[in-house]
Each structure stands twice: as structure tokens, then as C-alpha cells.
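As they're listed, the protein sequences go chains A and B. Residue numbers in the first sequence follow the UniProt record's numbering, run continuously in steps of one, and reach 240 at the last position. Residue numbers in the second sequence follow the UniProt record's numbering, run continuously in steps of one, and reach 240 at the last position. By construction, the Cβ of each residue, glycine as well, lies at the ideal position given by its N, Cα and C atoms. Okay, so here's the structure we're looking at.
Number of protein chains: 2
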Amino acid sequence: MTTPYQLYYWDGLQGRGEFVRLALEEAGVPYTDVARQKKGMPALMASLNGDKVDHPSFAPPVLQAGELLMGQTANILQFLGAKHGLAPRSQDGRLWANQLQLTIADIVAEAHDTHHPISSSAYYEDQKKEAKARARDFRKKRIPKFLDYFEGVIQRNTGRGGYAIGSRLSYVDLSLFQLIDGLVYAFPKTMAKLAPSYPGLFALHLKVSQRPNIAAYLASKRRIANNETDIFRRYPELDK
Amino acid sequence: MTTPYQLYYWDGLQGRGEFVRLALEEAGVPYTDVARQKKGMPALMASLNGDKVDHPSFAPPVLQAGELLMGQTANILQFLGAKHGLAPRSQDGRLWANQLQLTIADIVAEAHDTHHPISSSAYYEDQKKEAKARARDFRKKRIPKFLDYFEGVIQRNTGRGGYAIGSRLSYVDLSLFQLIDGLVYAFPKTMAKLAPSYPGLFALHLKVSQRPNIAAYLASKRRIANNETDIFRRYPELDK
């Protein structure tokens, strides 16, 4: 049986694929998580390979939707959001959603670099000293700067429900859930201290986690547990 | 006199604003580079401030188009590309253009981090040792990996003209021009060595530079010279 969507992402970690999974789960559309199937890895690698596909991706996640093959998380979410009622309807709203999603992508990349500030292909242990320095800057300056921004977005939104945009859930809310979730996992002490300053973000995190489709997903085996091969990693020395 | 577009970006550097400037210049539409006007800085800061605007940006560039205010480079280019014939016409083509642009954004962020691997708010001199290590990784692994990818995109494109997509210039080509231009400025030795491996990218760089509107722009005072407050910085110690 083929599903309408095939998601290509590394097995064993949430990573950037998780932002796509959350949208698919909330929309309730069937999808195949290709790399987690038997013989899934060669299929994943083919999606990155220009000899096999017309529009290869630089890196996963990659989503196949019938004839369409697309990469880059924010690009995939823009597509899925429009198709499954997870994006605003107006052009203005769509631009705003995409802008917010790209800003989420920016902090996610910075969260990754806290444990790999020198080289993404070298071991953490070989860049631990630099990781400590970068993580300190991330905790003290970057997390507050980004969360101030996103909290302001929620607080200024005049729509009801505590969402980022209007009065309806969008893919941006799902991604903000994942961002807060990941930051709390990786930096529990820092986030415990910061939480009171961000009531809108933490309320949104709770609200998203309680949506029926998301709650069922989080309780299922499809949700991969946080771990130290992921973007958000819990290294106590980076959360002092 | 008001122009159809107002661009908000820091004065004194090309930065991410340059990707937007190149699209506006190629399209030949009048725009105001707000921060370079008298009293432009307060206007720029207001575009980032949620007390002043409904959709503030986390960081410049910000583009105002009548009532619309939008941030994030790839988001702005998606808008301008569709409006001024600088994007493919099909949905498939638009997704592909956006995907490529987001991949360009990824290497641009990594280029920035070669001189600021620990903290974007600290001095380069205070993270020079780490910068050398990160730049080495960038030169040896990341530049080739990204350029292999983009060269493959151009080589596999069956359209005529040597563009990234189809047989017509798109905003992706303008951004690839700027990427190559910046890398050559920042890493002249590295790029001189790599150039023969990337004939498609270097031919595209030349071709874009010779387009009438772009050539006129590059020769004008509107094009800010490369310098060491920018994303692409020429520090000889990072290009060994």
C-alpha cells in the first residue's frame, strides 16, 4: 500500500524531520517514514542523489508527494501547510508564517552549533571546550533574544487561542512546540529559569501537546525519543 | 517621491540585504535603501520593533511593499521573484527555487560563522583561534560539499543558458552569483584552487555580472564594497 506522502529523514533522531512529522501527524494524513522501513536507507540516499532524481536535496528532510520531491524543512511546511489547512489563507498571512518558520530554522541551526561549533563532521568530544563557550553565548544571549521575539509574536496576535498567527493553529505553532520541547530537553536548567518570562510560548507548547492527533503521536512509537545524536542534545556541561 | 519598495538593511555592508538588492536591481524597479538615507536608522529599527509594526522581523533585511512588510531573505525573494518574473511559473519550479535559495542561506550562515564561531556579539579577535579551526573545516569540507551540489544543479538542468532552473534567469541565479562573489572575496586562495572544478558556477557568476542592469548596479555607488564588517570577510589567516 502506498501512502500519499513519503518522508525521507535519518532514522534514530527527531532532527529537522520532526517539524515535518508534526505537520503530517496533525493533519492526520498517512505517510511513510521511509528510512525507518526495511531497506529504507538506500531510498533515502537516492533522494539526495542527482543521478536518481531531478531535484535532489542537499540534506534531509525530503518529502515526496506524488511526482513532487522537495527538500528544506520550511519549504516542505509551506507546501503541507497550504494543502492541509495548517497555514493562513491570505498572502500576507502566508508570508508571515514562512518568515516565522525561517526564524525558527535559524535558532534550530544555532542550537545544533552549541555542540558542534567547529565542525559538524568531527566528534563533540573534540570540540567540547569550544562547545562550552558557544553554549554559554547561546544560553545567555541567543535563547532570550529569540524567545523574546516569539513571545512578542504570540502576545501581539489579536486572534483568540494563543496561537502565533490569527485564531487557528498553523504549522508555525507546531514548530514552536518542537522548538520549546527541544530547548527544554537540551537546556533544562536554563529553560526552567527562563520559563516564567515566556508564558505565551509555554502555554502554546502545552496546548499543542494536548491536541488529539499530536497527543496520540507523542505517545506512539513513531515519536523518537530525544537522544544525543540529535540536534537538541542534553550535555550537562553545556547547561551550567 | 515614494518608491514601490523600501528595503531596510544595515548601511555599510552587503550582507543578506544584497540578495534582495540584486533582485530589485535586475527587475529594474525603484526602491529606497532606507538605512542609507538621512534618518534611515530609526526607520530600520522600527521595522524590527513590535510596538511600531504588526509583523516585526527578528533581523534585517526587511522589505516593505505597500501595506506588506516582510522579513527573511528567502521569503522576500520568493515574493519578489513571483512578482517580477524572476521565479519559475509552475508550483514545482517555485518549490525548487525556494529549496535552492534556502540551501544558499545555509552556506551563507556557515560563511558568517567562520569568523564568529563562538559568539556573533563578541569580537573576531577574541575568537580567532576557533575561527581558524572552523574556517579550515569550511574550506576543506563545507565549501566543496555545497559547491558540488550547486554545480550538479546547473549541470543537470536541461534548459539552455547555464542557469540553475530552466532556460530563464531566476533569483536563485542572482543569489548564486552573490555566493560565489562573496566566497572569492573571503577565500581567494581556496577559491582559485577550486574554480576549475566548478565551471558551471563560475560561468553563471560571469554571466550574471554582465547582465545590463546588474553590470550597471555593480559599477554604481549603490553597490557597497566588500569589507570586514560583512558576512564574507577577507582575513588571510582564515584562507591558508
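Asked                                                                                                                                      : Found
At least 3 beta-carbon pairs within less than 8 Å: the stretch 72–79 of chain A vs the stretch 97–116 of chain A                           : yes
Arg36 of chain B versus Ile214 of chain B - alpha carbon distance                                                                          : 20 Å
Test: Thr103 of chain A CB closer than 8 Å to a CB of chain B                                                                              : yes
Unbroken beta strand (DSSP E) run spanning Tyr5 of chain B, endpoints                                                                      : Tyr5 to Tyr8
C-beta neighbour in chain B for Ser121 of chain A, strict 8 Å                                                                              : yes
Close Cβ partners of Ser119 of chain B (< 7 Å) along its chain, the five nearest in sequence each way excluded                             : Gln127
C-alpha distance - Tyr123 of chain B paired with His116 of chain B, whole-angstrom precision                                               : 8 Å
Own chain residues within Cβ distance below 7 Å of Val153 of chain B, not counting five before or after                                    : Leu100 and Ala164
Entirely enclosed alpha helix (DSSP H) segments - the stretch 22–77 of chain A, minimum 4 residues                                         : 40–47
Simplified DSSP state of Arg142 of chain B, which is helix, strand or coil                                                                 : helix
Proximal chain B residues relative to Gln72 of chain A, where beta-carbon distance stays under 8 Å                                         : Asn98, Gln99, Leu102 and Thr103
Contacting residues, own chain, Cβ-Cβ under 8 Å from Val20 of chain B (five flanking each side not counted)                                : Leu7, Tyr9, Pro61, Leu63, Thr73, Ile76, Leu77 and Leu80
Residue-level contact to chain A via CB, His112 of chain B, 8 Å cutoff                                                                     : no
Per-residue burial, Asp158 of chain B [other beta carbons within 10 Å of its own, 16 or more giving buried]                                : The sequence given here places Thr at residue 158 of chain B; Asp does not occur at that position. Result: exposed.
Ala23 of chain A versus A:Ala43, A:Leu86, A:Leu48 and A:Leu95, residue with shortest Cα-Cα distance                                        : A:Leu86
Contacts of Tyr149 of chain A in chain B (Cβ-Cβ under 7 Å)                                                                                 : Phe58
Span of the alpha helix (DSSP H) around Asp239 of chain A                                                                                  : Note, Asp239 of chain A: premise wrong, no alpha helix (DSSP H); not H, not E.
Closest residue to Lys132 of chain B among B:Glu237, B:Arg16, B:Glu18 and B:Gly17 (Cα-Cα distance)                                         : B:Glu237
Asp148 of chain A in three-state terms, based on DSSP                                                                                      : helix
Presumed contact (8 Å Cβ cut-off) between Ala109 of chain A and Ala109 of chain B, rounded CB distance                                     : 6 Å
Whether Lys141 of chain A touches Ser57 of chain B by CB criterion (8 Å)                                                                   : no
Minimum Cβ-Cβ distance from Gly152 of chain B to chain A less than 8 Å                                                                     : yes
Closer than 8 Å to chain A by CB, Leu68 of chain B                                                                                         : yes
Spatial neighbours of Gly17 of chain B in its chain, beta-carbon cut-off 6 Å, leaving aside the 5 residues before and after                : Tyr9 and Pro61
Euclidean distance between Cα positions of Gly166 of chain B and His55 of chain A                                                          : 12 Å
Nearest to Lys83 of chain A (by Cα), restricted to the options A:Tyr171, A:Leu13, A:Phe146 and A:Pro199                                    : A:Tyr171
8 Å Cβ cutoff met for His205 of chain B and Phe177 of chain B                                                                              : yes
Neighbour list for Gly200 of chain A in chain B, Cβ cutoff strictly below 8 Å                                                              : Simply none; closest approach about 13 Å.
Ile143 of chain A versus Met191 of chain A - alpha carbon distance                                                                         : 9 Å
Complete beta strand (DSSP E) runs within the UniProt domain "GST C-terminal" (97–231) of chain B (minimum length 3 residues, chain order) : none
Residue closest to Gly66 of chain B, alpha-carbon to alpha-carbon, out of B:Leu44, B:Gly50, B:Glu25 and B:Thr3                             : B:Thr3
Simplified DSSP assignment, three categories, for Asp11 of chain B                                                                         : coil
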